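Novice: If you're matching positions, the sequence shown starts at 120 in the working numbering and goes up one per residue. Every residue, glycine too, gets a C-beta built ideally from N, C-alpha and C. Because the structure is a prediction, the values reported are computed rather than measured.
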Amino acid sequence: MKNLMKHSYSYILLMAIVTFFACQTEDDGGGNAATTIVPSFELTISEQNPLTINVVNTSTGANGLTSFWQFRQGGPLQQDVSGSATHTYGASGEYQVSLIIQGPNGNVEISDTVIVDDGVVVTPPVANLKDATNSFSIGMAVQASRLTDEHDEILKSDFNNLTAEFEMKMNIMYPSQGTYDFTAADAIVNYGVANDMDIHGHTLIWHNSVPDWVENFTGTDEEFETMIEDYITTVVTRYSGTIRSWDVVNEAIEDNTGALRNSVFRTRMGDDYIAKCYQFARNADPNILLFYNDYNITFDTNKQATMFSIVDDLMAQGLIDGVGAQMHIDIYFPSASQIQSVVNGTVSRGLKMHFSELDVRVNPGNDISQLTEARAIEQRNKVREVVEIYDAIPNQNKFALTVWGLRDSETWLVDFWGQPDWPLLYNNDFTTKPAHDGFIEALSN
Ligand code: 9MR
């Protein structure tokens, strides 16, 4: 049973009592009503440290039961002991505090939110992202129609690496057999070259951008493979000398099970289709850096394991240079150590690490209808955490950190999840958000 209160504490509200309705009436097993658990707690913000809270379990009917505190959503559990418990947050923000009681018929849980604010406003020493580091490049996902006016200005001031958000995928570049359309891809590449930016090619093979004619290919499997080889060779050769790197295969692994996806590429070319595609790309240009790119590989352990076994296989054949970990994350999840795990696996193999596709949702629970200051601060903190993790990578393993869209109104996530969110670094009026400061702060230490 869960009861989430819509209630916030701020520094001026020093004490409040949380009591409600998340109660549980237990049966003693013989059909007789026994104890009713009424969970409640008191929460105060310390007068000594505005980032410290004290909590006291004031539940009734919970004698002899084990209880736990959780000081942020998805955070570790801390067993409740008698008296008060104390927790100090690392930074200002809005946090969910939960008390979980292990009742005989399951957990009884109560939650509330607290806003802690240490009032420290950090003034970033530089204003532009790309000026904050020279050990890796700062990427942005772009569209050919978003390269002028304010986009143009911000791209030039903040970024030095471009990824096409959708226009360098097979369904756009190869709409029908034998006919390529490089109009939009060329516009992006020409823009990047004219502005002295790196360009990351994304992506040659992705099950989600397969044109119908390829999905329903009428030739033999051999002809299919030849067609794919021609396609990879044509595209890689076209941008040889201008594009620094390619995601050759994107998202080849299923969620949770870690199984290989049954894409048309796998069914037509066999389980070793991945190595074949990397070989085609390597043959077309031995100097281009080749990446494998996927999402959820920070915390989905089966997916991560399969990913590294694919990578090891490619490494044994000299066919891969780096791993792209898509950073479609939120302010609560995944944790720093989960993010670190994919970094460790990549660095220990001597490969380059790309944090690709960064966006940080602030509304995964769909509980706000406009961006609050508190969530914007939490987003700044999460962005700072991610960038700090990236910046700590040895220089030879660094590559780029790419943000997946400029303004909040341009994110793919709102359509995808069907709920409001503000996951990017810029407001719709092209002003920077606290998350933009967080990015720079991480590089300023
Ligand atoms: O953000 C991209 C969106 O604009 C496109 O319509 C879509 C299909 O091409 O691809 C989105 O980007 C995806 C990326 O290429 C691979 N990882 C997941 C991204 C979100 O779907």
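Since A403 is in the alpha helix (DSSP H), which residue starts that stretch and which ends it?
Specialist: If you number the sequence shown from 1, residue 403 lands on position 284. A403 -> alpha helix (DSSP H) spans Y392 to A403.
Novice: Could you check whether the Cβ of F285 sits closer than 6 Å to any heavy atom belonging to the ligand 9MR?
Specialist: Taking the sequence shown and counting its residues from 1, the one referred to as residue 285 is at position 166. Yes, the beta carbon of F285 sits closer than 6 Å to at least one heavy atom of the ligand 9MR.
Novice: Thinking C-beta only, is L170 closer than 7 Å to Q221?
Specialist: Your numbering for residue 221 matches position 102 in the sequence shown. Your numbering for residue 170 matches position 51 in the sequence shown. Result no, Cβ atoms of Q221 and L170 do not sit closer than 7 Å.
Novice: Taking Cβ positions, are G377 and F410 nearer each other than 7 Å?
Specialist: Counting from 1 along the sequence shown, the entry for residue 377 is found at position 258. Counting from 1 along the sequence shown, the entry for residue 410 is found at position 291. The answer is no: Cβ separation not under 7 Å.
Novice: Put I508 into one of helix, strand or coil per three-state DSSP.
Specialist: Indexing the sequence shown from 1 puts residue 508 at position 389. Three-state result, I508: helix.
Novice: Is Y350 helix, strand or coil when you go by DSSP?
Specialist: Taking the first residue of the sequence shown as position 1, residue 350 is located at position 231. Correct three-state label for Y350: helix.
Novice: In its own chain, which residues sit with a C-beta less than 8 Å from the C-beta of L470, not counting the 5 before and 5 after it?
Specialist: By 1-based counting over the sequence shown, the position of residue 470 is 351. Correct list, in chain order: V430, M434, I439, D440, G441, V442 and N516.
Novice: Excluding sequence positions up to five away, which residues of its chain have a Cβ less than 8 Å from the Cβ of Y545?
Specialist: Sequence index remark: in the sequence shown, residue 545 carries index 426 (1-based). Result list for Y545: I273, L525, R526, D527, T551, K552 and H555, in chain order.
Novice: Rounded to whole angstroms, what's the CA-CA distance from A394 to S159? Just pull it up for me.
Specialist: To locate residue 394, count along the sequence shown from 1; it is residue 275. To locate residue 159, count along the sequence shown from 1; it is residue 40. Rounded to the nearest angstrom, the two C-alpha atoms are 57 Å apart.
Novice: Apart from the five residues just before and just after E286, which ones in its own chain have a Cβ nearer than 7 Å to its Cβ?
Specialist: Indexing the sequence shown from 1 puts residue 286 at position 167. Q262, A263, A303, A304 and I307, listed in sequence order.
Novice: Can you tell me the Cα-Cα spacing of A493 and S211, whole angstroms?
Specialist: As a working note, residue 493 is residue 374 in the sequence shown. As a working note, residue 211 is residue 92 in the sequence shown. Cα to Cα, the separation comes out at about 8 Å.
Novice: Does the distance between the C-beta of S264 and the nearest non-hydrogen atom of the ligand 9MR fall short of 6 Å?
Specialist: For the purposes of this step, residue 264 is taken as residue 145 along the sequence shown, with counting starting at 1. Incorrect: S264 has no Cβ contact closer than 6 Å to the ligand 9MR.
Novice: For A191, tell me which candidate among S178, V233 and T179 has the shortest Cα-Cα distance.
Specialist: Along the sequence shown, one-based indexing puts residue 191 at 72. Residue identity differs from the one stated: residue 191 is Arg in this sequence, not Ala. For the residues S178, V233 and T179, the minimum Cα distance to R191 belongs to V233.
Novice: Quick check: the Cα distance between Y397 and V367, rounded to an integer number of angstroms?
Specialist: Along the sequence shown, one-based indexing puts residue 397 at 278. Along the sequence shown, one-based indexing puts residue 367 at 248. Whole-angstrom Cα-Cα distance: 6 Å.
Novice: For A554, write down the residues that DSSP places opposite it in a beta bridge.
Specialist: Counting from 1 along the sequence shown, the entry for residue 554 is found at position 435. Answer is none; A554 lacks a bridge partner.
Novice: Taking A561 and R503 to be in contact with their CB atoms under 8 Å, please state how far apart those CB atoms are, rounded to whole angstroms.
Specialist: As a first step, residue 561 is located in the sequence shown; it is residue number 442 there, counting from the start. As a first step, residue 503 is located in the sequence shown; it is residue number 384 there, counting from the start. That belief holds up - the Cβ atoms of A561 and R503 are roughly 4 Å apart, short of 8 Å.
Novice: Give me the Cα-Cα distance between W188 and M426, rounded to the nearest whole angstrom.
Specialist: Numbered from its first residue, the sequence shown carries residue 188 at position 69. Numbered from its first residue, the sequence shown carries residue 426 at position 307. Taking the straight line joining both Cα atoms gives about 35 Å.
Novice: Roughly how many angstroms separate the alpha carbons of V481 and P542, rounded to a whole number?
Specialist: If you number the sequence shown from 1, residue 481 lands on position 362. If you number the sequence shown from 1, residue 542 lands on position 423. So the alpha carbons of these two residues sit roughly 6 Å apart.
Novice: Whole beta strand (DSSP E) runs in the segment 307-395 with 3 or more residues, listed along the chain?
Specialist: You should have 317-325 and 364-369.
Novice: Pull up the distance between the alpha-carbon of N309 and that of D510, whole angstroms please.
Specialist: Your numbering for residue 309 matches position 190 in the sequence shown. Your numbering for residue 510 matches position 391 in the sequence shown. Rounded to the nearest angstrom, the two C-alpha atoms are 29 Å apart.
Novice: How about S328: is its Cβ closer than 6 Å to a heavy atom in the ligand 9MR?
Specialist: Taking the sequence shown and counting its residues from 1, one reaches residue 328 at position 209. Yes - the ligand 9MR has a heavy atom lying nearer than 6 Å to the Cβ of S328.
Novice: With respect to the alpha helix (DSSP H) encompassing I291, which residues constitute its N-terminal and C-terminal limits?
Specialist: The residue given as residue 291 occupies position 172 in the sequence shown. Unbroken alpha helix (DSSP H) run through I291: M289 to M292.
Novice: Among P539, T521, F535 and D449, which has the Cα closest to the Cα of L490?
Specialist: Within the sequence shown, residue 490 is the residue found at index 371, counting from 1. Here the closest residue by C-alpha is P539.
Novice: On the DSSP letters alone, give me the boundaries of the alpha helix (DSSP H) that Q423 sits inside.
Specialist: Your numbering for residue 423 matches position 304 in the sequence shown. Run containing Q423: T420 to A435, per the alpha helix (DSSP H) assignment.
Novice: Can you tell me which of the three DSSP states E269 falls into?
Specialist: Here residue 269 corresponds to residue number 150 of the sequence shown, with the count starting at 1. Three-state result, E269: helix.
Novice: Could you give the first and the last residue of the continuous alpha helix (DSSP H) run that contains G464?
Specialist: By 1-based counting over the sequence shown, the position of residue 464 is 345. Counting along the chain, the alpha helix (DSSP H) containing G464 begins and ends at A455 to S467.
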